[in-house]
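I have placed the structure first, in the form of structure tokens, so that the comments after it can refer back to it.
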Amino acid sequence: MKKRGLSIFFENFLKKESIFKSKDYLQSNYFPETILHREEEIEHIAGILAPTLRMEKPSNLFIYGKTGTGKTLVIKHIKDHLMRIAKEKELNINIIYLNCKLKRTADTEYRLIAQIAREFGKEIPSTGLPTDEVYRLFIDCLKKKKQIVILILDEVDQLVKKIGDEVLYNLTRLSTEIKNVEISLVGISNNMLFVDNLDPRVKSSLSEEEILFNPYNALQLQDILRQRAKQAFKKEVIGEGLIEKCAAFAARDHGDARRALELLRVAAELAERKNEIKVVIEHLDLAEEKIERDKIVDIVKSQPKQFQLALYSILLASSKNETQIFTGEIYELYKKYCSKIGLRPLTQRRISDIIAELEILGVINAKVISKGRYGRTREISLAIPFSTKPEIESILKEGLGV
DNA sequence: GTCAATTCACATGAAAGAGACCACGGTCTAGTG
DNA sequence: CTAGACCGTGGTCTCTTTCATGTGAATTGACGA
């Protein structure tokens, strides 16, 4: 009986008409053919990189802009075009795109160089070799023939923050050292202040050209959403004013197109799950909440034990305590729970860092304040919406075995 | 009342250790002809 | 003779600890009005 019920459910599901034509167009890994409202930027960047086709070294380029302003999209778009033409004309041009934020790919000097070398078809073990050796291997495969290399480093700020700017210096120097090979760097960052902290030598060479991507405004976001919605949904699915509201939502926090699209997609998914044939504004509100919740749950689940326990301590402290919470209090609580569940407690130094990291993840707010005579500490509070708190608490309890 | 010195409770930095992972080269071992 | 197993060495990487130094403003205490 149960089985029948389930198969009926699935059959009904199949019979039911989906409101989606194709969901792919709303996924973040989809690259549209035409990019709206970025014509100027595309033209500008294309102009800078065009000399490549005459086998001349293009200027190094630096691109800033907040998340979801289309930096990556634009640069990949240009890369594809350039590569296609280069292939047609049989030019020896290599454009390599690397995202420096991806863990275990390009977030250290070794891995960065190794990854680039792999793009040239060189096998490099993930560890075990001296970094110099990897450089040598990389240079060797460059030397083989005359060529131009454009290296696109997405989220360089993350890389530099972790391992310093020496790598960038090395890379800019590389082209002067190897005959026949020209290397240009394209750095992408969503932190505008990033370049200022660079070594002056690196700074001057990396930012020969700079381009700023401004956030999309609400109207532009609407255009983008409409374009995608047209491809993704069946007709008449989108409710009145939905696109406008969605764009407004995203425009409110720094014009993030990615977020706008996600919002639309999740709203539609919710509508579909509820067997409704139209996506309306209420779905948007629900979607916003769901996105936020899912994000936090994902983050919390993926944290190592020590982080979870630290967070758990904060959670308890905040529900028990109306007044502000400080680092010292959390550490005491944390130690108590460590002995309770038999975990070796970390030093306060480390917990201090962990609290800082939890803040970056966005699950807590932690502001460094000075209480004058009573010292300097972090004032900590939860950044989790009240409604998700019980869920998070039970996840932590389960993960920790409290 | 004013002002500089003091003081607290951590924050923040730097360096170094532990342990996991890995490549490489040399040595040993067992199987093969 | 040779392929494969098995070291030891030397490298990276992440997470921590240890030691050291930094820091912002409430408090204190000296000073002068």
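Using the numbering used here, the first residue of the first sequence is number 10, and each one after it goes up by one. Just so you know, even glycine gets a beta-carbon here, dropped at the ideal spot from N, CA and C.
Does residue i come out as helix, strand or coil in the three-state DSSP assignment?
i: alanine 227; result: helix
i: isoleucine 105; result: strand
i: asparagine 374; result: strand
i: glutamine 156; result: strand
i: valine 306; result: helix
i: leucine 162; result: strand
i: valine 289; result: coil
i: leucine 207; result: coil
i: leucine 1; result: An answer regarding residue 1 cannot be provided, because it is not within the stretch 10 to 411 covered by the chain.
i: leucine 121; result: helix
i: valine 246; result: coil
i: leucine 180; result: helix
i: phenylalanine 222; result: strand
i: glutamate 281; result: helix
i: leucine 194; result: strand
i: serine 27; result: coil
i: threonine 185; result: helix
i: threonine 136; result: coil
i: serine 379; result: strand
i: threonine 386; result: strand
i: lysine 406; result: helix
i: threonine 397; result: helix
i: histidine 90; result: helix
Between residue i and the rest of its own chain, which residues show a CB-CB distance below 8 Å, the 5 nearest in sequence each way excluded?
i: serine 31; result: Gln240, Ala241
i: arginine 235; result: Ile252
i: arginine 385; result: Val377, Ile378, Ser379
i: lysine 310; result: Ile404, Gly408
i: tyrosine 144; result: Ile122, Asn179
i: methionine 92; result: Ile102, Ile104
i: isoleucine 87; result: Ile51, Ile54, Ala55, Leu58
Which same chain residues, not among the five before or five after residue i, have their C-beta less than 7 Å away from its C-beta?
i: glycine 14; result: none
i: tyrosine 39; result: Asp33
i: methionine 64; result: Leu100, Ile157
i: leucine 82; result: Phe40, Ile44
i: glycine 250; result: Ile290
i: proline 394; result: Glu301
i: leucine 146; result: Ala126, Lys131, Ile133
i: isoleucine 305; result: Val372, Ile393, Thr397, Ile401
i: glutamine 333; result: Glu388
i: lysine 254; result: Ile290, Leu293
i: alanine 141; result: According to the sequence displayed, residue 141 carries aspartate and not alanine. None.
Identify which residue in the options has its Cα closest to the Cα of residue i.
i: leucine 221; options: Ala123, Ile54, Ile104, Phe258; result: Ile54
i: threonine 76; options: Glu338, Glu191, Asp163, Arg353; result: Asp163
i: glycine 79; options: Phe71, Asp89, Arg47, Lys345; result: Arg47
i: valine 204; options: Ile252, Tyr340, Gly74, Leu138; result: Gly74
i: leucine 215; options: Lys98, Leu230, Glu249, Asn179; result: Asn179
i: serine 27; options: Pro313, Ala277, Ile300; result: Ala277
i: cysteine 109; options: Val190, Gly56, Ile125; result: Ile125
i: isoleucine 161; options: Gly56, Ser328, Ile105, Glu132; result: Ile105
i: arginine 359; options: Leu352, Tyr340, Ile350; result: Tyr340
i: serine 213; options: Asp149, Pro399, Leu70; result: Leu70
i: asparagine 189; options: Pro354, Lys66, Lys344; result: Lys66
i: lysine 243; options: Val288, Asn206, Ile233, Lys254; result: Val288
i: glutamate 402; options: Ser327, Glu219, Thr136; result: Ser327
i: glutamate 400; options: Asp303, Pro354, Val143, Arg268; result: Asp303
i: asparagine 206; options: Lys170, Ile247, His86, Met92; result: Lys170
i: glutamine 312; options: Lys349, Glu42, Gly371, Pro209; result: Gly371
i: glutamate 217; options: Leu58, Pro139, Lys345; result: Leu58
i: glutamine 315; options: Ala269, Glu297, Asp362; result: Asp362
i: aspartate 116; options: Leu177, Glu298, Asp208; result: Leu177
i: isoleucine 350; options: Pro209, Gly410, Thr332, Gln333; result: Gly410
i: glutamate 219; options: Ile72, Glu49, Arg237; result: Ile72
Please go through the same chain and pick out, in chain order, the residues whose beta-carbon is closer than 6 Å to the beta-carbon of residue i, but skip the five residues on each side of it.
i: arginine 274; result: Leu35
i: isoleucine 102; result: Thr61, Ala95, Ile157
i: alanine 375; result: Ile364, Glu368, Arg387, Ile389
i: glutamate 52; result: none
i: alanine 227; result: Ala256, Ala257, Ala260
i: aspartate 413; result: No statement about residue 413 is possible, as the shown extent of the chain runs from 10 to 411 and does not include it.
Less than 8 Å between the CB atoms is what I'm expecting for residue i and residue j, so what's the real figure, rounded?
i: aspartate 174; j: valine 211; result: 5 Å
i: serine 462; j: isoleucine 159; result: Because the chain is modelled from 10 through 411, residue 462 falls outside the range shown and cannot be assessed.
i: lysine 152; j: isoleucine 187; result: 6 Å
i: isoleucine 389; j: phenylalanine 335; result: 7 Å
i: glutamate 271; j: serine 37; result: 7 Å
i: isoleucine 364; j: alanine 392; result: At roughly 12 Å, the Cβ-Cβ gap does not stay under 8 Å, so isoleucine 364 and alanine 392 are not in contact.
i: glutamate 118; j: isoleucine 172; result: 6 Å
i: leucine 324; j: leucine 405; result: 7 Å
i: isoleucine 260; j: leucine 230; result: Residue identity check: residue 260 is alanine in the sequence provided, not isoleucine. About 6 Å; that satisfies the 8 Å criterion.
i: serine 322; j: leucine 342; result: 4 Å
**Report entry** Runs of beta strand (DSSP E) lying entirely within the segment 34 to 85, each at least 3 residues, in chain order
**Finding:** 70 to 74
Query raised in the report: Whole alpha helix (DSSP H) runs in the segment 328 to 377 with 4 or more residues, listed along the chain?
Result: 336 to 350, 357 to 370
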